[in-house]
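Novice:
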C-alpha cells in the first residue's frame, strides 16, 4: 500500500487516480446560474472561467443538491494535488474568485424572496474565506461501474445519490464497497457508480470515503430502499466504516473541459 498523501491516512487508490477539488458554495436557488443573459449567470461564468484558466486544470462539473438547492458544488479535476493547493493560495482564488463570489451572493435576488444570511456552519474542511459561504475539500474520485456519475453523458442532469462513509477500513475497501458496486449496478434505474477517498477529515474523523450513484430518477433510488432485494443486501453497507454523513442527491448541470483558448496566450 502506498504512503499517505496529505491526510495521515494510507493511500489506497491507484497512483494515476486524479484529485478532485470540491468547492461547496451557498447560493440562493432563485439565482439562475445557467442563464448567461442574467447578471447572476454572467458572474457565475466568470467564476468558472477563473477556475478553468488555473494551472493544471483538466475539467470541472457543477450542480446543486436536490434536498438543499441553495448548496452548490463545483468539482474541479487538476493534474496534481499540488496544483489544487497552488490555486487556493493564488490571487486568482484569494482575490478574483472570492470577489466574484461575493458579488454574486450579495446581488438583490431576482424575485420577491427576502434576502437571507447564508448559513456558513458546515463540516467541510478548507482555507479561511472570511464570511463567504464557501468551503473546500479534496477527494480521489473515480468512476467504478457502468457510466461515470461525474458530470458526463448519460448521467449529466440525473440525480446522483451521494454520501460520505467515515472511518473506512480495509473491510470497506477490499470487501463491502466492491461487493456493493457489483450488487447495485444490476438494480433497475442505476446508471453509474463512482467514489473515492476524502483527503481531509470529515466530522473530525479521518478515512472518509465519498460514494456517488447516478439514478434515472430519485423515485428509482427511493423505491429500491423499500424492496426485498435492498433489505437482503443492505448489511453490506454496514461493514467497514463508522457511519455516514451528508446523504442526499446532487444534480450536475454544467461541465467545462480543458483550458480555454485565451487571446495572446501561447
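In the working numbering, the protein residues as written are 775 to 1040. The beta-carbon is built from N, C-alpha and C at its ideal position, and this holds for glycine as well.
Could you tell me the boundaries of the alpha helix (DSSP H) in which residue 800 lies?
Specialist: It is not in any alpha helix (DSSP H) - residue 800 instead sits in the beta strand (DSSP E) that spans 793-800.
Novice: Just the C-alpha distance for residue 791 and residue 914, rounded to the nearest angstrom, thanks.
Specialist: Each residue's Cα considered, the two are about 6 Å apart.
Novice: Are residue 994 and residue 963 closer than 8 Å when you measure CB to CB?
Specialist: In contact: residue 994 and residue 963 (Cβ atoms closer than 8 Å).
Novice: Identify which residue in 980, 997, 972, 978 has its Cα closest to the Cα of residue 986.
Specialist: For residue 986, the nearest C-alpha among the options comes from 972.
Novice: Look up residue 925 in the DSSP assignment and say whether it is helix, strand or coil.
Specialist: Three-state result, residue 925: coil.
Novice: So, under 8 Å CB-CB, residue 916 and residue 976 are touching, yes? Tell me the CB distance rounded to an integer number of Å.
Specialist: That pair is no contact at about 18 Å.
Novice: Mind checking who residue 849 pairs with in its DSSP beta bridge?
Specialist: Residue 849 is bridged to 796, 835.
Novice: Quick check on the DSSP output: the alpha helix (DSSP H) that includes residue 813 runs from which residue to which?
Specialist: Taken as a continuous stretch (DSSP letters only), the alpha helix (DSSP H) holding residue 813 covers 813-826.
Novice: So who's on the other strand from residue 987, going by DSSP bridges?
Specialist: DSSP, once it has assigned bridges, lists 935, 967 as partnering residue 987.
Novice: Can at least three beta-carbon pairs, one atom from the segment 1015-1030 and one from the segment 835-846, be found at a separation below 8 Å?
Specialist: Taking 8 Å as the limit for Cβ pairs, the verdict is that the segment 835-846 does touch the segment 1015-1030.
Novice: Under the rule that 16 or more other beta-carbon atoms within 10 Å means buried, what is residue 845, buried or exposed?
Specialist: Classification for residue 845: buried.
Novice: Among 929, 1031, 829, 922, which residue has its Cα nearest to the Cα of residue 864?
Specialist: Residue 864 has its Cα closest to that of 829, out of 929, 1031, 829, 922.
Novice: Check residue 942 in the structure and name its three-state DSSP category.
Specialist: Here residue 942 sits in coil by DSSP.
Novice: Would you identify the three-state DSSP class for residue 995, choosing helix, strand or coil?
Specialist: Helix, per DSSP.
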